[in-house]
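Numbering (the working numbering), first residue to last: 2 to 228.
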């Protein structure tokens, strides 16, 4: 079982990009791996899937998942928690989702959470989160937690700190957390356990030689693909 800090994970992604597995491909792989797990665990019984996306690359993973789920025949809607995506690869994947005419909602257009009985994917924040939830994300997380639906979190539940497990009180409470490539320290902490639910590691195509030594000191300088 491999565990990497957020900085070590970013370094592994940087090395993979240098080795020829681009950030764009990693995002595609992450979304595809999430969809495969969701299809095994929750999709067959879901009438509808709501995917809550943030403005960073965790949201980009959500756009990929939305496109692939829609292509598989699922009824999917996207909830743009923080508006327009702010990274190039997330914008690209949003455009690809729009080409399939996947509906996009603002959070205020959601029905009462008690009326939703489908499946929820949390792609608001990933390993880049620390501190406290911003207000839009807080309201979205409260809606998710109040809905009688199965919840899948991409990489980490939004509101959970990757390296410490310290969590905002309103952090998303997932049934299944899909850890991309490696577990993060939070997946193994008791304080984050109520939010992570079952944590499942999935491969996103990072070559084995790209992973830094788990025991090495955190990297001080690097390009970060903040999810």
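Note that beta-carbon positions come from the ideal geometry of N, C-alpha and C, so glycine has one too. Every value quoted in this text rests on a predicted model; they were computed, and no experiment measured them.
Determine the closest residue to residue i out of the options, with distance taken between C-alpha atoms.
| i | options | result |
| --- | --- | --- |
| residue 159 | 149, 150, 137 | 137 |
| residue 90 | 149, 62, 41, 124 | 62 |
| residue 84 | 28, 38, 68, 56 | 56 |
| residue 86 | 53, 101, 76 | 53 |
| residue 207 | 111, 16, 88 | 16 |
| residue 33 | 209, 121, 64, 8 | 64 |
| residue 192 | 201, 161, 184 | 161 |
| residue 3 | 195, 210, 184, 194 | 184 |
| residue 122 | 66, 195, 200, 199 | 66 |
| residue 42 | 201, 211, 209 | 201 |
| residue 25 | 145, 40, 93 | 93 |
| residue 143 | 113, 131, 129 | 113 |
| residue 111 | 131, 211, 88, 145 | 145 |
| residue 75 | 7, 40, 95, 190 | 40 |
| residue 7 | 88, 131, 96, 95 | 131 |
| residue 194 | 173, 209, 139 | 173 |
Do residue i and residue j have their C-beta atoms within less than 9 Å of each other?
| i | j | result |
| --- | --- | --- |
| residue 197 | residue 154 | yes |
| residue 117 | residue 51 | yes |
| residue 182 | residue 203 | yes |
| residue 58 | residue 10 | no |
| residue 213 | residue 19 | no |
| residue 36 | residue 73 | yes |
| residue 103 | residue 82 | no |
| residue 147 | residue 115 | yes |
| residue 175 | residue 80 | no |
| residue 177 | residue 38 | yes |
| residue 30 | residue 205 | yes |
| residue 156 | residue 133 | no |
Going by other Cβ atoms of all chains shown within 10 Å of its Cβ, with 16 needed for buried, is residue i buried or exposed?
| i | result |
| --- | --- |
| residue 107 | exposed |
| residue 188 | buried |
| residue 101 | exposed |
| residue 224 | Confidence in residue 224 is poor, its pLDDT being 35 and thus under 50, which makes the residue's placement too unreliable to answer from. |
| residue 226 | With a pLDDT of only 44 at residue 226, under the threshold of 50, the placement of this residue in the model should not be trusted, and no figure is reported. |
| residue 124 | buried |
| residue 60 | buried |
| residue 199 | exposed |
| residue 109 | exposed |
| residue 14 | buried |
What are the partner residues of residue i, as DSSP defines its beta bridges?
| i | result |
| --- | --- |
| residue 179 | 155, 201 |
| residue 124 | 54 |
| residue 80 | 53, 106 |
| residue 184 | 4 |
| residue 168 | 161 |
Assuming residue i and residue j are in contact, meaning their beta carbons sit under 8 Å apart, how far apart are those beta carbons, in whole angstroms?
| i | j | result |
| --- | --- | --- |
| residue 98 | residue 135 | Incorrect: roughly 23 Å between the Cβ atoms, too far for contact. |
| residue 48 | residue 119 | 5 Å |
| residue 149 | residue 166 | So it is not a contact: roughly 26 Å between Cβ atoms. |
Is any heavy atom of the ligand GTP found at a distance shorter than 8 Å from the C-beta of residue i?
| i | result |
| --- | --- |
| residue 56 | Among the ligands in the structure shown, none appear at all, so the ligand GTP cannot be discussed. |
Could you tell me whether any Cβ in chain B is nearer than 9 Å to the Cβ of residue i?
| i | result |
| --- | --- |
| residue 75 | This model lacks chain B altogether, as it is built from one protein chain only. |
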